[in-house]
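Beneath this line is the structure, given in structure tokens, with notes to follow.
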Amino acid sequence: VVMMLISLPAFIFSLIGTLPSIAAWVWDRRHNKSAAYTVIILNMAGLIPVLIKVLPMGQNIILGMPAIENMENWLRIYGAAAFGWAILFTMPLLIRGFMLRNFEAEITKNHKKQEDLVQEWGRRLVTSDGQDYNDSEKN
31 VVMMLISLPA FIFSLIGTLP SIAAWVWDRR HNKSAAYTVI ILNMAGLIPV
81 LIKVLPMGQN IILGMPAIEN MENWLRIYGA AAFGWAILFT MPLLIRGFML
131 RNFEAEITKN HKKQEDLVQE WGRRLVTSDG QDYNDSEKN
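When you line the sequence shown up against our numbering, it's residues 31 to 169, in that order.
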């Protein structure tokens, strides 16, 4: 409401420009809204530089129209928000890949340790189910 009193073009611009943030807020069902904050921050990073140009125009909608009609501004605003959505959808896949790689390295390291123990203590190691080590390798 305060924005509308200060500058009607800036209010219109920010209302339309924050649609990706509003969608992210509604979409994110978690109580901490961390996914929504990712989109909101990047959406604001695209919106604020344009609002700084529009705010000095005051209530004159005619002076604000060139900024509202400029497609570069909208590309900047929605592009930044789209980058936030891209982070949301790609980060879980990247983290999963890194974790999988770490788990595989840990498994390989543990197999190496196991082989070293077999070399040190001999082939008569007993597995957790009570079978001989040689019998468990055949299964």
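Heads up, the beta-carbon is just placed ideally off N, CA and C, and yes, glycines get one too. A quick note: this is a predicted structure, and the numbers were derived from the prediction, not measured.
With a cut-off of 8 Å on the beta carbons, I'd call residue i and residue j a contact; round off their distance for me.
| i | j | result |
| --- | --- | --- |
| residue 65 | residue 83 | At roughly 30 Å, the Cβ-Cβ gap does not stay under 8 Å, so residue 65 and residue 83 are not in contact. |
| residue 80 | residue 103 | 5 Å |
| residue 37 | residue 85 | 5 Å |
| residue 101 | residue 93 | Actually they are not in contact, since the Cβ atoms of residue 101 and residue 93 sit about 18 Å apart, beyond 8 Å. |
From residue i to residue j, what does the alpha carbon distance come to, in whole angstroms?
| i | j | result |
| --- | --- | --- |
| residue 126 | residue 119 | 12 Å |
| residue 52 | residue 40 | 17 Å |
| residue 188 | residue 146 | Residue 188 lies beyond the range of the chain shown here (31 to 169); nothing can be said about it. |
| residue 113 | residue 144 | 46 Å |
| residue 55 | residue 67 | 8 Å |
| residue 107 | residue 46 | 10 Å |
| residue 116 | residue 131 | 23 Å |
| residue 128 | residue 140 | 18 Å |
| residue 124 | residue 133 | 14 Å |
| residue 91 | residue 60 | 39 Å |
| residue 150 | residue 58 | 54 Å |
Using the rule of at least 16 other Cβ atoms within 10 Å of the residue's Cβ for burial, across every protein chain shown, is residue i buried or exposed?
| i | result |
| --- | --- |
| residue 49 | exposed |
| residue 74 | buried |
| residue 43 | buried |
| residue 111 | buried |
| residue 152 | exposed |
| residue 72 | buried |
Identify every run of the alpha helix (DSSP H) within the region 41-94, keeping only runs that are complete inside it and at least 4 residues long; order them along the chain. 49-57 and 64-84
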